[in-house]
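Engineer: According to the numbering used here, the sequence shown is numbered sequentially starting from -14. One structure coming up, written as structure tokens, with questions to follow.
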Amino acid sequence: MDTIARLRAAATAIVAVLAFGTLGYVLFGWPVLDALY
């Protein structure tokens, strides 16, 4: 595997993790914060 493909795969994985983390925080973080505060 060449460097460009490896970098592209790593960038895609990072973006996917950030997207899922943001979505999870929006869906589950706000109700939890509302319940706590």
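Using N, Cα and C, we set each Cβ at its ideal position, and we do this for glycine too. All of these numbers come straight from a predicted model, not from anything done at the bench.
Between the C-alpha atoms of VAL17 and VAL0, what's the straight-line distance to the nearest angstrom?
Structural biologist: 25 angstroms
Engineer: Where LEU12 and PHE5 are concerned, what is the direct C-alpha to C-alpha distance, given to the nearest angstrom?
Structural biologist: 10 angstroms
Engineer: In whole angstroms, what is the alpha-carbon distance linking TYR10 and THR(-12)?
Structural biologist: 33 angstroms
Engineer: Quick check: the Cα distance between LEU23 and LEU3, rounded to an integer number of angstroms?
Structural biologist: This structure cannot speak to residue 23, because the chain is shown only from -14 to 22.
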